[in-house]
Amino acid sequence: MAHAARSLELVQGLVASITGRRDVSTLQCNQVIKSLREHNFARTNQFAVQSKLNGLIEKFSVLNRDDLAEALQSRLTRELDSEDKFLPDKLALLLELSDLPYRKVDIGVLEGLTRQEHTPVEELTWAEIIRDDPLDDDIWDVIERGYHSSGDEGASVTADPDSDETPDTTQSSFDIDISAIARAQLIQADDSLLAPAPSSDTLTEYKLVRETLFMLRGLPSDMFTVNRKVKATYISTNAALSLTTQSTMQSLVQRIAHIGSALNFLRFWSTWKQVEPHVRTCQAIVHKLLRRINNDFSTFEFSLIRGTDGVVISMMQLCAFAERQARVFLLLALLVRDAACRSEKPSVAILDKLHDAACTAHLTSDHEALEVFLELLVVSLRTFLRPFSKWCLTGQIDDCESNALIIDNNKDCPLYDVWQGRYSMRSTDGTERTIPAFLEGFADGIFVLGKSKMISNLLTSKQETYSTMKQPDDGQFVNLQHVKDSWIPFAQQFQNGLDNWLATLRRSDDDSLAELLIKDHKLLEHFEAIHRMFLHKDGAAFSCFGESMYQILLSRKRAAQLDDFMLTELARELFSSIDDISTEDISVLVARLDDSDRRIIRLLGTIDLQYKTPWYVANIMQQRHPVVERQIFTLLLQLDIGKRLLVNGLPRRRKCSLGRLSKAQLQLNYLQQCLICFIDTVTMTITTASERLNLALRKELSTVTSLNDMIKAYETYADALSLVAMTQTRLEPVRNAMIDVLLLSEEIVAVKQSIQMSGLTRQTMQVIRAACAGYQEKLLLIITRLHLEASEESGEALEAYADALDACLLDERSRNRRQPALQPSLNSNF
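So the sequence shown is residues 1 to 830, counted in the UniProt record's numbering.
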């Protein structure tokens with residue numbers, strides 16, 4: 001009660017001093033006392049802290065961080081001896097502040113922090129002594145000699161001790177290096193001479209064999225020490241047998257230690273944390289093989305212990321048995337060490353090295369090594385190929401799964417570019433390889449097979465998961481007995497096995513992509529419809545469109561009539577009669593043209609008929625809209641309108657009235673006929689060649705089975721079509737010359753209108769002669785350019801094209817020879 005009253009009194013004083021109020025209620029004081037009691041903390045429980053530290057040491061040992069465990073134990077042993085009463089509180093604070101020490105602590109840093117720097121003690125030199133006490137000082141003169149000193153020999157013993165001694169001037173008369181004399185008298189001891197002599201333990205052969213068997217099975221041994229950093233085994237004692245020399249014993253044990261180092265390295269490696277599943281599978285197989293050899297050593301030990309007959313325990317016998325049983329493990333340890341420690345991509349290098357080791361074992365007829373390496377290679381490769389099998393069977397890649405070959409570039413990729421834009425292959429060139437070397441030849445096949453399955457799923461709207469679908473057996477790739485008995489190289493046999501595996505994945509796909517495209521989605525009909533719309537196949541629809549364009553362009557408001565919306569509606573109405581054409585996907589775009597050049601042929605060149613093909617057709621064409629077909633459509637439209645202009649301007653008089661025409665008018669009519677012949681020749685060449693190429697394209701599409709083959713077939717078709725339509729870059733001058741020839745049709749119409757209105761004038765005759773000369777020159781340039789551009793691949797087509805245009809020349813003599821005078825003009829224009 002007294003303590004409570006005293007606390008209440010103190011709290012009242014505290015509240016009064018803070019708030020300035022004197023009338024503080026007891027209830028408020030009790031609340032203050034209660035809040036103060038809640039902030040009282042008890043002392044740290046040192047036993048709980050010790051328990052946590054012991055658990056942390058044990059955790060370090062379990063996580064294979066024995067270096068941290070030993071460092072922590074030694075530091076605790078040193079610190080717990082101190083009498084600091086706040087040591088448990090400090091340790092508890094450090095435990096609260098620690099964060100994953102087994103992963104983030106570097107033992108080298110700790111050693112640097114705890115290492116005490118040794119400051120060498122400076123030795124006293126004679127120079128320092130003489131500097132402090134010069135030789136002429138009294139300290140060097142007065143020397144009290146003992147009874148054993150010989151310094152008083154020959155001296156008078158009757159000298160008066162009270163008399164003053166005469167100073168000795170010997171030191172000042174001779175220059176003597178005292179430090180050199182001192183160094184000559186000092187001898188530095190050799191520490192090795194003071195070290196105890198090495199002692200060798202004389203062991204019985206029974207104990208030596210037992211310790212060796214412990215070491216070979218990975219158990220602790222008094223005779224051998226395992227270095228966990230370099231994963232090597234060393235001899236910890238200088239042992240010798242009672243009946244053999246020490247050198248013989250050391251050589252024998254060194255051979256055993258080498259085998260133990262290889263086995264211990266494999267044991268350590270099989271417990272390392274790995275990310276790649278196939279490496280973990282390889283670790284499991286190695287662990288199984290290590291258990292097998294441990295059983296062999298246990299059987300050997302059991303035969304020595306429980307032998308019914310007399311058993312001779314021999315270290316030589318154990319060494320021979322260990323070398324025979326661990327021969328393959330020595331090769332395997334060397335292989336794994338080289339792949340794990342000396343390669344930039346260990347997960348890929350280990351498969352390559354297993355394949356090379358199997359090839360070497362087959363070449364040397366080492367059946368035991370071949371069996372081990374083949375088991376490791378096949379099982380690990382099956383795990384490595386499991387994501388590839390899933391990709392080939394489903395056409396999908398999970399987000400949580402890494403694929404060494406496929407990259408998902410764009411999950412939101414549009415359908416018309418899904419074949420090229422969605423997935424891509426990882427680079428297999430350079431130092432950073434993602435797949436083994438023996439699989440690089442199958443990378444393209446795996447990639448294409450998975451993309452084909454992706455397209456099939458999009459066509460059928462079927463999404464089947466890998467876990468629910470019927471999975472083909474991966475198989476063993478090769479048969480061990482067949483490999484042993486065959487003379488065929490192992491690499492070739494393994495490649496054949498991989499071919500069979502890939503063929504199995506192809507056969508597991510019930511729906512062929514080519515059949516889906518051709519039968520269910522009318523792929524060939526779509527290409528036929530494109531040909532009918534763009535390449536003059538449907539003459540009625542194209543003729544109606546040309547007639548409508550002719551009427552629009554001849555009207556006075558033709559500039560205003562070239563409207564995108566109006567032309568789009570016109571094209572949709574006229575081409576709606578073509579089967580397999582979606583009119584909603586047809587559009588017409590008109591580009592802007594310079595107001596200074598409003599000629600009809602130029603205006604027609606700005607019209608671009610576009611058609612959005614179905615997404616699977618666009619993936620084959622690798623473009624949303626047909627490009628070459630659009631260019632040919634524009635050229636055919638220019639040819640059609642040019643011919644309409646010329647035909648409507650032909651003379652419609654009786655034959656007898658032709659004699660009334662002047663020579664200039666006859667020449668103009670002849671030019672008109674030649675232009676019509678030129679237009680008909682070009683139109684017929686384009687339409688005939690495009691029809692032949694389209695038939696060849698559809699025939700090839702019906703025979704191929706891969707979408708890549710379809711893409712190649714269309715690329716060949718587009719290249720040949722661009723050659724016929726002169727849309728290639730190297731033939732662009734020829735196309736421009738053709739447009740210049742077509743522009744003459746408008747000049748002829750303008751000249752005839754001028755003759756009808758004002759008669760034949762001198763200026764009109766000059767225009768006619770200039771038009772004839774320009775036509776002759778341009779046509780000769782076209783023919784000559786076609787002959788020059790004729791190559792081995794396209795020479796026959798261009799030569800035939802040039803021969804067909806020969807008939808359109810005005811001058812009969814020009815058909816048999818090329819005028820030399822035109823050569824400078826040829827070089828200047830082309």
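Cβ atoms here follow ideal geometry from the backbone N, Cα and C, with glycine treated the same way.
Distance, residue j Cα to residue i Cα
i: residue 549; j: residue 641; result: 8 Å
i: residue 537; j: residue 528; result: 9 Å
i: residue 152; j: residue 131; result: With a pLDDT of only 48 at residue 152, under 50, the local geometry of the prediction cannot be trusted, and the value read off the model is given with reservation. About 29 Å.
i: residue 803; j: residue 782; result: 11 Å
i: residue 800; j: residue 492; result: 50 Å
i: residue 319; j: residue 304; result: 14 Å
i: residue 13; j: residue 92; result: 37 Å
i: residue 346; j: residue 275; result: 11 Å
i: residue 684; j: residue 690; result: 10 Å
i: residue 646; j: residue 784; result: 26 Å
i: residue 687; j: residue 535; result: 6 Å
i: residue 11; j: residue 23; result: 13 Å
i: residue 675; j: residue 617; result: 38 Å
i: residue 218; j: residue 376; result: 22 Å
i: residue 30; j: residue 49; result: 35 Å
i: residue 297; j: residue 385; result: 36 Å
i: residue 299; j: residue 270; result: 23 Å
i: residue 224; j: residue 209; result: 12 Å
i: residue 15; j: residue 59; result: 52 Å
Cβ-based neighbour list, residue i, same chain, cut-off 7 Å, excluding 5 preceding and 5 following
i: residue 621; result: 613 and 714
i: residue 831; result: Beyond the ends of the chain as shown, which are 1 and 830, falls residue 831; an answer cannot be given.
i: residue 740; result: 778
i: residue 367; result: 484
i: residue 105; result: 68
Neighbourhood of residue i by C-beta, 6 Å cutoff - its chain only, sequence neighbours within 5 removed
i: residue 546; result: 640
i: residue 232; result: 261
i: residue 350; result: 339
i: residue 409; result: 424
Strand pairing of residue i, partner residues [DSSP]
i: residue 232; result: 227
i: residue 424; result: 407
i: residue 587; result: 610
Residues near residue i by beta carbon distance below 8 Å, same chain, minus five either side
i: residue 590; result: 562, 563, 564, 567, 606, 607 and 608
i: residue 363; result: 489 and 490
i: residue 717; result: 693, 694, 696 and 697
i: residue 708; result: 448
i: residue 61; result: 69
i: residue 316; result: 252
i: residue 286; result: 266, 269, 270, 332, 336 and 376
i: residue 220; result: 214
Residue i in three-state terms, based on DSSP
i: residue 219; result: coil
i: residue 610; result: strand
i: residue 578; result: coil
i: residue 726; result: coil
i: residue 672; result: helix
i: residue 375; result: helix
i: residue 126; result: helix
i: residue 83; result: coil
i: residue 33; result: helix
i: residue 479; result: coil
i: residue 105; result: coil
i: residue 44; result: coil
i: residue 24; result: coil
i: residue 838; result: Within the shown structure, residues of the chain are numbered from 1 to 830, placing residue 838 beyond reach of any answer.
i: residue 139; result: helix
i: residue 536; result: coil
i: residue 414; result: coil
i: residue 593; result: coil
Neighbour flag for residue i against chain B, beta carbons, 8 Å
i: residue 714; result: Protein chains in the displayed structure number just one, and chain B is not present.
Quiz item: Which ranges would you report for the beta strand (DSSP E) in the segment 241-294 if only whole runs of at least 3 residues count?
Solution: none
Handout entry: Uninterrupted alpha helix (DSSP H) stretches inside the segment 744-809 (no shorter than 4 residues)
Key = 762-789 and 795-806
message = List, from N- to C-terminal side, the alpha helix (DSSP H) runs of 4 residues or more that fit wholly inside the segment 313-372.
response = 315-325, 327-341 and 346-363
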